[in-house]
Every structure is written in structure tokens, then in C-alpha cells.
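Okay, structure first, notes after.
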Amino acid sequence: MKKYNFNAGPSMLPREVIENTAKQILDFNGSGLSLMEISHRAKDFQPVVDESVALIKELLDIPEGYSVIFLGGGASLQFMQIPANFLIKKAGYVNTGAWAKKALKEAKLFGEVVEVASSAADNYTHLPHGYAIPSDLDYLHVCTNNTIYGTELHEDLEVPVPLVGDMSSDIMSRPVDVSKYTAIYAGAQKNMAMAGVTVVIVKDDMLGKAPRELPTMIDYRTHVEKGSMFNTPPVVPIYSLLETMRWVKAQGGVKEMERRAKERAELVYGEIDRNKLFRGTVAESDRSRMSICFVMNDEYKELEKPFLDFATERGMVGIKGHRSVGGFRASCYNAQTLEGVNALVQAMKDFEALH
Ligand SMILES: *Cc1c(COP(=O)(O)O)cnc(C)c1O
53 MKKYNFNAGP SMLPREVIEN TAKQILDFNG SGLSLMEISH RAKDFQPVVD
103 ESVALIKELL DIPEGYSVIF LGGGASLQFM QIPANFLIKK AGYVNTGAWA
153 KKALKEAKLF GEVVEVASSA ADNYTHLPHG YAIPSDLDYL HVCTNNTIYG
203 TELHEDLEVP VPLVGDMSSD IMSRPVDVSK YTAIYAGAQK NMAMAGVTVV
253 IVKDDMLGKA PRELPTMIDY RTHVEKGSMF NTPPVVPIYS LLETMRWVKA
303 QGGVKEMERR AKERAELVYG EIDRNKLFRG TVAESDRSRM SICFVMNDEY
353 KELEKPFLDF ATERGMVGIK GHRSVGGFRA SCYNAQTLEG VNALVQAMKD
403 FEALH
């Protein structure tokens, strides 16, 4: 049976990305060796890194003065690496969910941290709006898509201080004004690649200012200076990243990704709002296009498990909601297809007809 992949991460990738990566795993560039067995210093691999960096810069229209590096450790390591490198006196964090809260906790190990705004009291069902931002922050950290709760910042904030963005689950889904950011980071396994690589975009002239000695691997300068080759980078994940970036470009870039994301989100939220069985979980204006969360209406609560089974029988994978929200979550990253979204919407309609 055809499967429709709504996994939250690692998640769906374009079929051609998987096929092209699989080919290189069997025989890298006709060398007779697998991508898994070549040296990262092989002369054939450097172009993979170079093209990946160039495509990310091109697709996100990254201005001069920024570096793109590929690291291990996931977005979770960035929760500490960001403050280690950029927290001088005081950093601000917007608490919009589980990931934002984890980032805030790690930053406290490095200096003064202000929770500038929070929607925790409302179980993160909306983004905080209209809060004051101290002008003396080294940076303001935001999580642009709250993967678990299903809220998303659809535009870069207008703020008086530099931003740092955890864009793990919405990078490459819209144009971004990178010049507003000191750093952007993303675990690549949601919208860019297979698991194993983290993409970090850093503003070069903000490096080396933090008043602390940094372990070599934690200092971004190590990786900037060595072009992500200080130690062995995740070779196969980087290759899959390259294929995804080629795909995004061939499809029309991040503007086209944004158009598709809006189209998919309108279809799914449209059905959630129309269907008597379901309701969305977050404020309408903050609804995520990537992480679409919904639950059964109270009077139909007992149909939660039956709907999950119904959808699973029709090939839907990964729509069970995160345990902190319950219900359902349809992750609609860049690779998600209209066919997949339509199959989900049809399942919701057909299930409603049965009840
Ligand atoms: C998944 C996710 C993370 C954690 O990523 P890891 O690479 O598993 O550490 C952090 N932030 C956001 C927004 C995420 O969606």
C-alpha cells in the first residue's frame, strides 16, 4: 500500500533525494567505493561540501559576512553552543514550547538570561505578541517553528537586537532575512536531509567576542576556519543535504516552497475547521504550516483511536500527536505532497461520514 509520511522528524524527503543518495552509497561518482567508505578528505567530497554551502547561501540569499557550517550533535547541541559563543552579558529567550525552553535552560549555564515572553501558561497554544524587548540583549533567541505545539513565526521579527533562530523545522520553507540574525541553526532531519547533520549559519564578525575560553569543538571559529572539516563531518547526511538543496532549487526555491506550504496548510486547516469531528489546537494567526496539530472535538473524544486506525489503514504514517498535545499532528515539510495532504483530508471526510 502507498504510504503517506507525516513523521515529525526524521521525516519525508523527496524521492529523488533518497534515490540519488542511495546510488552514491553504492558507488560514489563511479569510484567503485561507497559514499560510506570514502575519506571526507577525498578530492571528490570537497565539492559536495562546497556546493551544499553555495546552494544554502543562494537559496536563503545569505549576505556577505556569514558562514555556513555543518556540525554533529543535533539542534540540541546548539542550545549550548549558541550561548557559549554569543552570550556576552545578557541574552533574551522567547519561551514558545518544549524546544525553546530547552534552549533557554542551557543558556543559563553561560550568563544572564531573560525570559522575554512566554506562552507556557496557555500550554503554548499561541505565540506571545506585543512584548517589550530590552535593548541591551546580546541576542534574542526565537524558535521559529514550534514542532511539538504547532505554532510558527511566519516572518522575521522586527526587534532592536540581533536574532538567533532555531529553524530546525521550518528552514527553507520561506524566504528569511538572514541579515537580522547573529545565527540560525537547524537539525537537518526535518526539512533538509537525513538525520546526522546540523546546519549553522553564523555572522562572522560576532565570533570570538564571548568572554570565556571555549573548547575547540565548541568554538564556531574552528569549523568556519576549516570549512566544516576540522574533524570528520557526517559524510552521508551532508550528501543527502546536497541532493535536497538541488531539489529545492530545481522546484523554484524557497518562494515556491512557501507557496506550497501555504497551499497544503490551507487544505488541512480548512478541513479541520469544516469537519465536525476535529478542531485545531492553536490560535489561528499563529498556526504552523509545517506542524499541523489537531484534536477530536470534546464530544467525539472517544473516536481518537478509531480515527488513528482508520487513517493508518489508508496509509497515513506518523500522524499521532506528540504526547504533550495529544490528538494528531500532520507534519507537512517541504517534501510533503499534495497527494499526501489530499489523502489525509479525504480520510477525515470519510471518517466524518461514518459518524
Ligand atoms: C527537532 C527539533 C530540535 C531537536 O533537534 P535534534 O537535532 O534532535 O537535537 C530542536 N528544535 C526544534 C525546533 C526541533 O524541531
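Residues 53 to 407 in this note's numbering are what the sequence shown lists, from first letter to last. Beta carbons are placed, not taken as given, at the ideal position from N, Cα and C, and that holds for glycine.
C-alpha distance - residue i paired with residue j, whole-angstrom precision
i, j, result
"Phe58", "Pro66", "13 Å"
"Pro62", "Gln241", "5 Å"
"Ala184", "Leu293", "38 Å"
"Leu266", "Ala169", "29 Å"
"Gly373", "Cys345", "7 Å"
"Gly305", "Arg312", "11 Å"
"Ser337", "Ser83", "52 Å"
"Tyr31", "Ile253", "There is simply no residue 31 to check, as the chain begins at 53 and stops at 407 in what is shown."
"Asn327", "Arg264", "55 Å"
"Asp218", "Ala235", "9 Å"
"Lys22", "Tyr291", "The structure shown does not extend to residue 22, since the chain spans only 53 to 407, so no value can be given for it."
"Lys141", "Ile324", "45 Å"
"Leu111", "His275", "22 Å"
"Glu315", "Asp208", "21 Å"
"Met309", "Ile371", "22 Å"
"Ser280", "Phe122", "6 Å"
Own chain residues within Cβ distance below 7 Å of residue i, not counting five before or after
i, result
"Ala335", "Thr177, His178"
"Ala387", "Met64, Leu65, Pro66"
"His139", "Reading off the sequence, residue 139 comes out as Leu, not His. So the qualifying residues of the chain are Ala159, Phe162, Gly163, Asp190, Ala262."
"Glu167", "Tyr145, Asn147, Leu156"
"Val69", "Ser292, Glu295, Thr296, Trp299"
"Ser104", "Ile290, Leu293, Leu294, Met297"
In DSSP terms, what residue i is bridged to
i, result
"Ile223", "Answer is none; Ile223 lacks a bridge partner."
"Met368", "Tyr56"
"Asn147", "Ser170"
"His193", "Tyr145, Val216"
"Cys345", "Arg381"
"Arg339", "Thr203"
"Ile121", "Val252"
"Glu164", "Lys142"
"Arg331", "Val347"
"Asn198", "Thr203"
"Gly260", "In DSSP, Gly260 forms no bridge with anything."
"Ala238", "Val251"
"Val233", "Checking the sequence shown, residue 233 turns out to be Tyr, not Val. BP columns for Tyr233 point to Leu215."
8 Å CB neighbourhood of residue i in its chain, flanking five on each side removed
i, result
"Val288", "Thr73, Ile77, Leu87, Met88, Met246, Gly248"
"Leu329", "Met348, Asn349, Tyr352, Leu355, Phe359, Met400, Phe403, Glu404, His407"
"Asp79", "Leu85, Ser86"
Other residues of its chain near residue i: CB distance less than 6 Å, five sequence neighbours each side excluded
i, result
"Gln130", "Tyr237"
"Ile114", "Val230"
"Asp96", "Asn81"
"Phe472", "Here the chain covers residues 53 to 407 and nothing more, so residue 472 does not appear."
"Arg366", "Ala399"
"Ala317", "Arg341"
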